[in-house]
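Okay, so here's the structure we're looking at.
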Amino acid sequence: MRTGISILGIFVADTAYLAPRMPALGETIAGSGFSVGPGGKGSNQAVAAARAGADVSFISKIGRDTFGDLALKTYEQAGVTAKLIVMDDKPTGAAFIYVNDRTGDNAIIVYAGAAGTIGIEDVEGARETIEQSAVFITQLEQPAPAAHRALDIARKAGVTTIFNPAPAGAFPAEIYRLCDYIIPNETEAAALVGFPIETLDDAKRAADVFLAQGVGAAVITLGARGVLFHNAGQSAHVPAVSCGPVIDTTGAGDAFVGGFAAALARGAPPLDAVRFGCATAGIAVTRRGTAPAMPSLAEIEAAMA
Ligand code: ADP
Ligand code: NA
């Protein structure tokens with residue numbers, strides 16, 4: 077039986093600058109803090125799933141530079157198998173994150189760098205990795221044609237497919253039919269269906285739109301309110317798991333997706349996998365950062381007990 081997870085996505089080095097305000101154009105101001113760490117939705121999901129006990133391969137492109145070294149170190153520490161093309165003429169992806177040092181509000185620029193050039197031929201190069209996994213995950217941080225081809229390969233090989241349409245953006249409608257699970261947050265779901273999602277009923281209406289487009293199940297994350305799981309046979313609201321004071325919700329969705337996939341890959345029924353994903357994310361939000369905040373299998377099991 078196949079039990080591994082393959083993920084197509086991007087790595088970016090998150091460079092976070094704390095400051096009292098955004099500088100105006102042409103202005104230089106003093107900051108009050110700085111940190112650099114691993115980021116990128118697909119990369120965070122890979123770390124989350126591996127920490128949650130899954131055998132994970134991460135497919136991406138990086139540059140031959142310091143941030144590329146950070147990516148490799150991240151996968152070595154988390155036990156993720158890195159299936160990375162290293163480019164000589166493009167830098168590793170990087171994100172500029174301004175954080176207001178009083179309110180915590182942020183403003184972000186993401187540059188995908190080498191990962192922004194992931195094309196269909198790169199995905200074809202990773203075909204075996206995708207075909208040999210139990211579960212495949214992708215998002216929209218890398219070019220949509222690459223995500224589309226990878227989902228098509230996975231579907232034809234009988235691999236369970238998860239599509240996390242993040243960040244919110246356009247993609248070919250044929251992708252819906254290739255998704256066993258679509259996992260948007262409220263904002264992404266609202267952008268796709270064209271109406272706001274404020275209540276659970278709104279989320280159910282959005283899920284029905286996704287089902288009508290051909291997805292197997294819609295799993296809409298609702299922040300502190302948990303998750304709506306909705307397919308043709310059942311609709312269930314799974315509450316969030318509270319694991320202590322909430323410190324940093326950045327990457328909560330990635331923790332959920334990684335945990336959900338890890339449980340599915342072990343053969344868990346979908347609703348149990350949703351509960352496992354909620355526990356994974358519930359722990360991650362009590363810790364600062366994204367990849368370093370992902371809990372171990374033992375920690376997740378303790379939170380669920
Ligand atoms: P994203 O990070 O993509 O915006 P959400 O905010 O919907 O995604 O969060 C994803 C999941 O993380 C939620 O479904 C929930 O299980 C968990 N989560 C988010 N915020 C909290 C919180 N404050 N307390 C506990 N769990 C949370
Ligand atoms: Na966190």
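Position 33 of the sequence shown, counted from 1, bears residue number 109 in the numbering used here, the numbering being contiguous throughout. The beta-carbon is built from N, C-alpha and C at its ideal position, and this holds for glycine as well.
Residue environment, residue i, which counts as buried when at least 16 other CB atoms sit within 10 Å
i    : result
A133 : According to the sequence provided, residue 133 is Ser. The question's Ala does not apply to it. Buried: at least 16 other Cβ atoms inside 10 Å.
A279 : buried
S111 : exposed
T79  : exposed
G353 : buried
T179 : exposed
T142 : exposed
I105 : exposed
I323 : exposed
Any non-hydrogen atom of the ligand ADP closer than 7 Å to residue i Cβ
i    : result
S311 : no
L216 : no
V317 : yes
G107 : no
Cα-Cα separation between residue i and residue j, rounded to whole angstroms
i    : j    : result
N182 : A95  : 10 Å
E152 : F271 : 42 Å
P219 : I206 : 17 Å
V314 : V303 : 5 Å
V88  : A369 : 16 Å
A122 : G169 : 16 Å
R97  : R225 : 42 Å
T366 : I359 : 11 Å
I184 : I173 : 5 Å
Residue interval of the alpha helix (DSSP H) (run including residue i)
i    : result
P221 : 220–232
N120 : 117–127
L373 : 373–380
D284 : 276–289
T356 : 346–360
T142 : 142–154
T237 : Here T237 belongs to no alpha helix (DSSP H); instead the beta strand (DSSP E) covers 236–239.
First and last residue of the uninterrupted beta strand (DSSP E) at residue i
i   : result
D90 : 88–95
L84 : 81–84
L60 : This structure gives no information on residue 60, because the portion of the chain shown stretches from 77 to 381.
contact_flag[the region 219–229, the region 237–256] where n(CB pairs < 8 Å) is 3 or more: yes
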